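Visitor: This is the structure I have questions about; it appears just below.
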Amino acid sequence: MEVILDVTDLHIEFHDHDKPETVVEDFDLMLEKGEIVGIVGESGSGKSMSALAIAGLLKRHALTKNGRIMFDGHDLLTCDRKILRSYQGDEISIIFQEPMTSLNPVKKIGWQVEESLRIHHKEIDKVTRKKKAIEMMDAVGLREPEKVYDMYPHELSGGMRQRVMIAAAMIAEPRILIADEPTTALDVTIQAQIVELLRKLNKEKGTAIIFISHDLSLIRQLCQRVIVMQSGNIVETGNVEEIFRSPKMSYTRKLIAAIPQIDL
Amino acid sequence: MRYILKKVLSMVLTLFVVSLCVFLAFSLIPGDPVTRMFGTEATPELIAQYREKMGLNDPLLVRYFRWFTSFIQGDMGTSYDYKIPVAGMIAEKIPITLTLAIMSFVVMVLISIPLGIYIAKHENGIMDHIISILNQIIMAIPPFFSGILITFFFGVILRVFKPGGFVSYTKDFGAFIKYLILPAIAIALPKAAMATKLLRGSVIEEAGKDYTRTAYSRGNTTNAVLYRHVLKNAMIPVVTFMGMALADMVAGSIVIEQVFGIPGISRILLSSINNRDYPVVEAIIMGIAIMVLVINLLVDIIYRIIDPRIEVEE
Amino acid sequence: MKRFLSLFRKNKATGKRNSYLILGCIFTGVILLMVFIGLFYMPYSPTKMDASSKLQGFSFKHWMGTDHMGRDVLSRVMYGSRVTLAIAASTIVIGAGLGTIIGALTGYFGGIFDEVSMRVIDAMLAFPSILLSLVFVSLFGTGTYQVAVALGISFVPSFARIVRGEFLRSKNMDYVEVARLQGVSDMRIIFVHILPNTVGVLMSSIMIGFNNAVLAEAGLSFLGIGAQPPYASLGNMLSDAQSYLFNRPSYVISIGVVIVIMVLGFSFLSEGIKRISNY
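Residue numbers (numbering that gives the first Met the number 0), protein chains in the order written: chain X, 0 to 263; chain G, 0 to 313; chain F, 0 to 278.
Written out as structure tokens, the structure is:
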């Protein structure tokens with residue numbers, strides 16, 4: 000298979016306190032085309048930081064980053080901002096944990112869904128753009144997309160907002176979608192629907208997904224491969240089912256034990 | 000639409016309360032208007048005759064409604080001192096005061112919005128520190144003193160401004176506007192300082208919110224995030240402040256008109272306060288009240304346009 | 000005392016100095032010292048005219064020069080600051096006093112009285128403050144005492160608003176419920192139980208209010224409807240001095256600077272006090 004993203008030796012260090020604080024150490028990740036990789040770990044394990052680094056969203060101040068994030072022949076950590084921006088939203092998209100605050104409260108849904116197209120594909124005219132946005136909104140399961148197009152975020156529920164976020168992230172048909180705890184803020188039934196939607200998009204559009212969660216059972220439903228992280232380090236990596244069957248680290252066993260056993 | 004209707008209704012209600020308060024206050028102060036009108040010439044017969052003629056013997060509420068309805072129709076009573084209709088006295092002065100207030104507003108917007116955005120973008124930079132110190136000082140200078148300082152600087156040192164050289168708008172509109180620029184700056188400065196400070200804080204706060212991260216993740220440049228995403232959100236508290244500031248400027252121009260010798264409503268208001276010419280005072284206060292309420296209504300409407308969440312919260 | 004002095008030193012943890020507090024104390028100190036000395040001693044009588052020394056500049060004889068009637072400006076500033084501060088203080092006493100009573104009663108009891116008075120207060124607050132004080136001045140007439148009362152009343156709504164909010168918040172709190180169950184009278188609950196808890200909020204609005212009162216008084220007397228000559232306040236003097244901007248600019252500017260120092264002093268002081276907890 001073709002490797003589309005190659006992260007090696009990623010180090011991230013914070014400097015906003017007296018002592019530098021290492022939040023990610025020796026992070027490696029190879030992502031193949033169309034693959035779904037899970038990253039699991041407790042809060043503070045560095046999984047979200049790694050995701051933000053790949054998406055090019057780490058602030059430039061108060062931290063140092065080392066290592067390489069190779070995408071399309073460029074190192075996203077050191078390349079020109081312009082090159083990084085040309086990938087953001089077009090080739091690499093991200094959705095976040097908080098759909099309530101991740102959308103701009105004073106802009107219409109349609110405007111926000113279309114944004115990546117407007118930035119990266121200026122050749123697409125307004126009418127086509129709207130048509131594409133509505134198609135995408137329909138594909139992510141938003142009912143009456145024409146109506147939602149003219150609505151504002153506060154008029155939608157949390158689950159609907161996350162679907163909007165996904166539609167906005169997928170509109171330019173990126174090669175990589177990073178989903179940073181996309182279901183944590185939602186209730187259980189909606190969680191399942193969002194996971195199902197991500198699986199469907201992966202299958203239909205061939206988008207590779209990096210799925211980040213603290214919940215191993217969600218990862219098991221969605222991913223083939225998983226990376227287990229603890230306090231900034233990768234402690235275990237491999238096939239999800241294998242890890243479930245024989246976890247090598249006690250930390251992984253703890254994460255497995257934390258899964259509520261209902262679906263017996 | 001329902002929102003605007005509600006705001007209009009609430010404005011009418013407030014206007015009603017204000018007019019009732021103003022009317023009652025000026026009716027209940029000791030002193031008989033007729034005696035006041037004729038001074039020492041007042042004989043008991045004359046007083047009785049005029050009291051009847053002016054309807055002063057009717058119950059208070061009847062008099063209020065008569066006064067209010069005629070006020071709405073443009074009849075604002077007769078000046079005690081000049082014995083001429085008040086409406087005519089203030090009609091030609093209102094455009095001067097209103098122009099001054101609007102110009103001050105424009106100056107405030109022109110200074111504070113670019114400056115607020117600039118220092119928010121360069122947070123903790125040298126300009127940020129200099130401007131925050133300047134802001135503190137400017138906010139402590141009362142407009143009448145900054146007016147004097149401006150007169151001194153432009154009139155005495157630079158000699159580009161001739162104090163007292165006011166030209167009426169009917170004579171030469173260009174010269175009229177030109178004369179009002181410095182007074183407008185004097186009124187605008189402290190408000191501009193506050194608005195700059197507010198906008199800076201608001202932009203910085205909004206820039207830290209999650210949706211800006213989303214905007215960056217779609218490949219927006221820093222400027223695009225600022226102008227397409229952050230600014231509209233950051234303007235919400237600033238619009239409220241600027242509405243209040245415009246209302247203040249209408250009243251604040253009273254003092255500045257004195258400093259720069261501008262014959263707006265200030266002179267009539269002050270002389271009628273000193274001479275207790277109540278119909279004039281009443282009319283000017285009601286006039287300013289109506290302006291203030293209309294400004295508030297406009298702010299509410301603008302607010303509704305930039306912040307779609309309003310209707311839900313109400 | 001030691002703890003008090005430590006407020007002015009650099010904070011050990013942050014390495015920052017509370018410069019607002021320091022500057023506020025210096026500015027306010029200068030003004031208060033000048034007014035205090037003026038109570039016992041002034042270089043000249045503030046009303047004594049001297050036709051032979053009109054509009055003189057700064058000198059050892061007249062530190063701040065003389066005005067258009069040959070009066071000593073420093074003595075007049077000492078007197079005028081006293082008038083301005085006295086009017087501002089009584090404005091706050093009236094405004095905060097009446098405002099607290101109205102806010103406490105309406106907030107605690109609610110009902111129709113609350114509805115009506117809040118309508119009136121909202122209408123008053125919609126008005127620019129200078130206009131509000133002009134309305135009351137025109138009702139009471141011009142003059143030192145009238146202006147103090149007029150300003151005081153125009154400050155009532157904002158205080159009433161703030162105190163009412165505090166009472167609305169407090170009246171359903173546990174300690175109030177307990178007091179009520181114990182049969183404590185409403186008046187005692189209002190003034191002995193709840194009021195002390197609003198002191199923090201009240202104090203900071205008094206600081207801001209005092210500043211606004213100084214500005215309002217200066218504005219009104221600048222317009223000629225405040226303290227009446229010859230016992231002028233700073234605003235009157237500024238208005239007089241403006242006529243001599245071309246002959247003796249230092250006159251008008253020095254008086255303006257005194258007003259600015261007064262206002263800056265109080266605003267720095269309140270900002271500094273607010274920041275004590277942060278440093």
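Heads up, the beta-carbon is just placed ideally off N, CA and C, and yes, glycines get one too.
Remember, predicted model here, so these are calculated numbers, not experimental data.
Determine the DSSP secondary structure at Ile209 of chain X, reduced to helix, strand or coil.
Guide: Correct three-state label for Ile209 of chain X: strand.
Visitor: If distances are taken between C-alpha atoms only, which option among X:Gly40, X:Lys18 and X:Ile68 comes closest to Leu4 of chain X?
Guide: Ranking the options by Cα distance to Leu4 of chain X, first place goes to X:Ile68.
Visitor: Per the DSSP calculation, Ala178 of chain X is bridged to which residue(s)?
Guide: DSSP lists X:Ile94 and X:Phe210 as partners of Ala178 of chain X.
Visitor: Among F:Val183, F:Arg118 and F:Ile101, which has the Cα closest to the Cα of Ile152 of chain F?
Guide: The residue with the shortest Cα to Cα distance from Ile152 of chain F is F:Ile101.
Visitor: Compute the Euclidean distance between the alpha carbons of Phe104 of chain G and Pro32 of chain G, then round it to the nearest angstrom.
Guide: Those two C-alpha atoms are separated by around 39 Å.
Visitor: According to DSSP, Gln87 of chain X sits in a beta bridge with which residue or residues?
Guide: According to DSSP, which records beta bridges pairwise, Gln87 of chain X is partnered with X:Ile91.
Visitor: Inspect the CB distances between the segment 207–215 of chain X and the segment 76–91 of chain X and report whether three or more fall short of 8 Å.
Guide: Segments in contact, no.
Visitor: DSSP three-state label for Gly279 of chain F, please.
Guide: Residue 279 of chain F cannot be examined here, being either before or after the span of chain F that is shown, 0 to 278.
Visitor: What residue range is occupied by the uninterrupted beta strand (DSSP E) comprising Phe209 of chain F?
Guide: Phe209 of chain F -> not in any beta strand (DSSP E); alpha helix (DSSP H) instead, spanning Val198 to Phe221.
Visitor: Touch check for the segment 178–187 of chain G and the segment 11–19 of chain X: three-plus C-beta pairs under 8 Å?
Guide: With a cut-off of 8 Å, the segment 11–19 of chain X and the segment 178–187 of chain G do not count as touching, because too few Cβ pairs lie within range.
Visitor: Between the Cα of Tyr49 of chain G and the Cα atoms of G:Leu60, G:Pro58, G:Leu114 and G:Thr34, which residue gives the shortest distance?
Guide: Nearest C-alpha to Tyr49 of chain G: G:Thr34.
Visitor: Identify the residues that DSSP records as bridge partners of Gly237 of chain X: which are they?
Guide: In the DSSP output, where bridge partners are listed per residue, Gly237 of chain X has X:Val225.
Visitor: Would Pro142 of chain G and Gly154 of chain G be called neighbours here (beta carbons separated by less than 9 Å)?
Guide: Cβ distance not < 9 Å, so Pro142 of chain G and Gly154 of chain G don't count as in contact.
Visitor: When you compare each of F:Tyr107, F:Ser253 and F:Ile30 to Ser145 of chain G by their alpha carbons, which one comes out closest?
Guide: The residue with the shortest Cα to Cα distance from Ser145 of chain G is F:Ser253.
Visitor: Could you give the distance in angstroms between the alpha-carbon of Ile267 of chain G and the alpha-carbon of Tyr277 of chain G?
Guide: Their Cα atoms are separated by approximately 11 Å.
Visitor: To test your reading of the DSSP string, which unbroken alpha helix (DSSP H) runs of 4 or more residues are found completely within the segment 27–91 of chain X?
Guide: Runs found: 46–53 and 80–86.
Visitor: Do you know offhand how far Ser232 of chain F's Cα is from Val72 of chain F's?
Guide: Spanning the two alpha carbons is a distance of roughly 12 Å.
Visitor: Give every residue of the same chain whose Cβ lies closer than 7 Å to the Cβ of Leu263 of chain F, excluding the five residues on either side of it in the sequence, and list them in chain order.
Guide: Once the five neighbours on either side are set aside, the close Cβ partners of Leu263 of chain F are Phe26.
Visitor: Throw me the rounded Cβ distance for the Tyr210 of chain G and Thr100 of chain X pair, which I believe falls under 8 Å.
Guide: Tyr210 of chain G to Thr100 of chain X, Cβ: 7 Å. Contact.
Visitor: Taking the DSSP output, what are the residues bridged to Thr21 of chain X?
Guide: For Thr21 of chain X, which the question treats as bridged, DSSP gives the partners X:Glu12.
Visitor: In terms of DSSP beta bridges, what is Pro84 of chain G paired with?
Guide: According to DSSP, Pro84 of chain G bridges with G:Thr77.
Visitor: Count the other CB atoms, across all protein chains shown, that sit within 10 Å of the CB of Tyr144 of chain F; report buried if there are 16 or more and exposed otherwise.
Guide: Exposed, because fewer than 16 other Cβ atoms sit within 10 Å of the Cβ of Tyr144 of chain F.
Visitor: In its own chain, which residues sit with a C-beta less than 6 Å from the C-beta of Gly115 of chain G, not counting the 5 before and 5 after it?
Guide: Counting only Cβ-Cβ distances below 6 Å, and skipping sequence neighbours, we find Thr195, Leu198 and Arg199.
Visitor: Quick check on the DSSP output: the alpha helix (DSSP H) that includes His119 of chain X runs from which residue to which?
Guide: Run containing His119 of chain X: Ile108 to His119, per the alpha helix (DSSP H) assignment.
Visitor: Between G:Ser201, G:Cys20 and G:Ile255, which has its C-alpha nearest Phe288 of chain F's C-alpha?
Guide: Because chain F spans 0 through 278 in this model, residue 288 of chain F falls outside it and cannot be assessed.
Visitor: Is there a C-beta anywhere in chain F that falls below 9 Å from the one on Ala24 of chain G?
Guide: Output row for Ala24 of chain G: interface = yes.
Visitor: Indicate the three-state DSSP secondary structure (helix, strand or coil) for Leu6 of chain F in the structure shown.
Guide: It is coil, neither helix nor strand.
Visitor: Under 9 Å, Cβ to Cβ, is there at least one residue of chain G near Pro228 of chain F?
Guide: With 9 Å as the cut-off, Pro228 of chain F does not count as an interface residue toward chain G.
Visitor: What residue range is occupied by the uninterrupted alpha helix (DSSP H) comprising Met36 of chain G?
Guide: Pro32 to Phe37 is the extent of the alpha helix (DSSP H) around Met36 of chain G.
Visitor: Among residues of its own chain, excluding the 5 on either side of Ala223 of chain G, which ones have a beta-carbon nearer than 8 Å to its beta-carbon?
Guide: Excluding residues within five positions, the ones whose Cβ falls inside 8 Å are Ala214.
Visitor: List in chain order: all unbroken alpha helix (DSSP H) runs of 4+ residues lying wholly within the segment 239–282 of chain G.
Guide: Runs found: 264–273.
Visitor: What in chain G is Cβ-close to Tyr250 of chain X, meaning under 7 Å?
Guide: Neighbours of Tyr250 of chain X on chain G: none; closest Cβ ~29 Å, over 7 Å.
Visitor: Compare the beta carbon distance of Thr105 of chain F and Met117 of chain F with 9 Å and say whether it is the shorter of the two.
Guide: Contact flag set, yes.
Visitor: So which residues of chain F does Val139 of chain G contact, with C-beta pairs closer than 7 Å?
Guide: According to the sequence shown, residue 139 of chain G is Ala rather than Val. Those within 7 Å of Ala139 of chain G in chain F are Val259, Val262, Leu263 and Ser266.
Visitor: Would you mind sorting Ala257 of chain X into buried or exposed? The rule is 16 or more other CB atoms within 10 Å of its CB.
Guide: It is exposed - the Cβ of Ala257 of chain X has fewer than 16 other Cβ atoms within 10 Å.
Visitor: Which of the three DSSP states is assigned to Leu280 of chain F in this structure?
Guide: Examination of residue 280 of chain F is not possible in this model, given that chain F is present from 0 through 278 alone.
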